[in-house]
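Take a look at the structure set out below.
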Amino acid sequence: MGSDALNRGKRLIEVEKIEAAEPEVLKAVELRPDDPEAQYALGFIRFRQGRFEESRKHFLRVLELDGGHRKARMKLGLIEARTGDFAAAERTFAVLVKTSLEDPLARKNHGAALRDLGRFDEARAELEKALELAPEYSDAHHSLGILESKRGDRKAALSHHQRALELDPGHVDAWNQVGVILARAGRTREAVEHFTTATALDPGYVPARMNLAEAHRKLNRNDLAIVELKRVRALDPRHPKVNGKLAEVYELSGRTEDAARARAAQTAIDTQGR
Amino acid sequence: MRWSFALGLVLAALTVGCSKGGYGDWSSSYSGFSDTGSSSSSDDDDDPGPPPADDFDDGGFEEPGFEDDFDDYYDDGF
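Structure (structure tokens):
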């Protein structure tokens, strides 16, 4: 009975019907609390819902029941990294690397955690190992690009992000990062091309859209900047900076009433928090 | 030659689609491609210069206002 509910839940998760899967998986966990696959499925649902603390508990439970559960350990590391606990993420991914020596994703994420701890040499070695295992692994090049940016070597960063794009022209993050490097170097028009491609590939990708708005503003295309900022606001109404930027661009355009409204909205967000 | 390659990349990117977004982190409430920002706009007719490549040298200059996205912890799904 519990396995029937779990199977129904898993099928729904696989077709992205997360909310529909939830009652089935909850039922499976209630009936079979020691089934690692039921705990994993519930952890995955919470992960997708952004309920990371609950998700973490379920993945830890999975690992108590089955220490070799690769996907639970991977998700646990992701939660740790995304909540800023890079030391914990590094330890989690290190275990994963030891148990899956030929897994390029484990190597890549371990390298990223080492990098985010400032352990650049170890990070580079791990990311290069990922590339030995999978020479056309665009994500590993992207991660190396971030490493070089953090070290302050923009030229090396650019080279890695460009390699990521050669390998995967749909790598949205790499389009954005190349745009950032070009924009900071004052090559604003080229940067616009890159941010535009990133937003075309993923219209909901807020960082590239914010950068595109800033690039338009620097080119004195205030109307286009306003369009992009309004799109960001529609995507993320409580974005920490969008209303402030919008107020600045409205001011530059002489739209003082709109600027005042945007500034008031920014103040409300700053006061209330996100 | 390199510029042609870069244009090819853009076209290929638009064809291939998105490699990120598997978590549903980003809202899908907005649909459609951006209709802004193309370098074909009238104030942008001059040569955009070479594509980003090995000639890159910013001389330490840094234009402020742009933000990195350093979230590169990827997943392999369910």
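Going line by line, the protein sequences match chains S and E. Quick note: my numbering has the first sequence finishing at residue 441, numbered continuously throughout. Quick note: my numbering has the second sequence finishing at residue 554, numbered continuously throughout. Beta carbons: idealized from backbone N, C-alpha and C, even for Gly. These numbers come from a predicted model, not from an experiment.
No residue range can be given for Ala352 (chain S), since it is assigned to no alpha helix (DSSP H) and is classified by DSSP as neither H nor E. By the Cβ criterion, the stretch 530 to 542 of chain E is not in contact with the stretch 262 to 269 of chain S, since fewer than three pairs of Cβ atoms, one from each stretch, lie closer than 8 angstroms. Not one beta carbon of chain E lies nearer than 7 angstroms to the beta carbon of Ser222 (chain S). Proximity of chain E to Glu186 (chain S) at the Cβ level (cut-off 9 angstroms) is not reached, the minimal Cβ distance being about 11 angstroms.
For Leu325 (chain S), the nearest CB of chain E lies under 7 angstroms from its own CB, placing it at the interface with that chain. Shown here, Leu386 (chain S) sits in coil according to DSSP, grouped into three states, outside any helix or strand. If you ignore the 5 residues before and after Leu179 (chain S), its C-beta comes within less than 8 angstroms of the C-beta of Ile185, Ala187, Ala188, Glu191, all in its own chain and listed in chain order. Between Lys275 (chain S) and Ser316 (chain S), the CB-CB gap reaches or exceeds 7 angstroms. The way I'd put it, the stretch 223 to 230 of chain S does touch the stretch 240 to 248 of chain S; three or more beta-carbon pairs between them come closer than 8 angstroms. With contacts defined by Cβ atoms closer than 7 angstroms, Leu332 (chain S) and Ala341 (chain S) form a contacting pair. Cβ neighbours of Ile246 (chain S) within its own chain (closer than 8 angstroms, five residues either side excluded): Phe214, Phe219, Ser222, Arg223, Phe226. For Val192 (chain S), the enclosing alpha helix (DSSP H) begins and ends at 185 to 198.
By the neighbour-count criterion, in which 16 or more other beta carbons inside 10 Å mark a residue as buried, Ala292 (chain S) falls on the exposed side. Here Val182 (chain S) is exposed: its Cβ has fewer than 16 other Cβ atoms, across all protein chains shown, within 10 Å.
Residue contact with chain E for Gly411 (chain S): absent (no Cβ-Cβ distance below 7 angstroms to any residue of chain E).
If you check the CB distance, Asn389 (chain S) and Ser420 (chain S) come in under 7 angstroms. Among the residues of chain E, those whose CB is under 9 angstroms from the CB of Ile180 (chain S) are Phe554, following chain order. When the Cα atoms are used, Ala273 (chain S) and Ser267 (chain S) turn out to be separated by approximately 8 angstroms. Counting along the chain, no alpha helix (DSSP H) covers Leu268 (chain S), and no H or E run does either. The residue among S:Glu418, S:Arg398, S:Arg330, S:Asp288 with its C-alpha nearest the C-alpha of Asp369 (chain S) is S:Arg398. The three-state reading of DSSP puts His406 (chain S) in coil, since its state is none of H, G, I, E or B.
For the stretch 305 to 330 of chain S, the set of residues with a beta-carbon nearer than 8 angstroms to any beta-carbon of chain E comprises Ser305, Asp306, His309, Ser310, Ile313, Ser316, Lys317, Arg321, Lys322, Leu325, Ser326, Gln329, in chain order. Note on the stretch 250 to 313 of chain S: whole alpha helix (DSSP H) runs with a minimum of 4 residues are 253 to 266, 271 to 283, 287 to 300, in chain order.
Spatial neighbours of Arg318 (chain S) in its own chain (CB-CB distance under 7 angstroms, excluding positions within 5 residues in sequence) are listed in chain order as Phe287. Counting of Cβ neighbours within 10 angstroms places Asp283 (chain S) among the buried residues, the total reaching 16 or more.
In the three-state DSSP reduction, Val182 (chain S) falls in the coil class, being neither helix nor strand. Exclusion of the five residues before and after Pro374 (chain S) leaves Asn343 as the residues of its chain whose Cβ lies within less than 7 angstroms of its Cβ. For Pro374 (chain S), the closest Cβ of chain E is nearer than 7 angstroms.
Gly371 (chain S) sits buried, since 16 or more C-beta atoms from the chains shown fall within 10 Å of its C-beta. If you draw a straight line from the Cα of Glu543 (chain E) to the Cα of Pro336 (chain S), it comes to about 21 angstroms.
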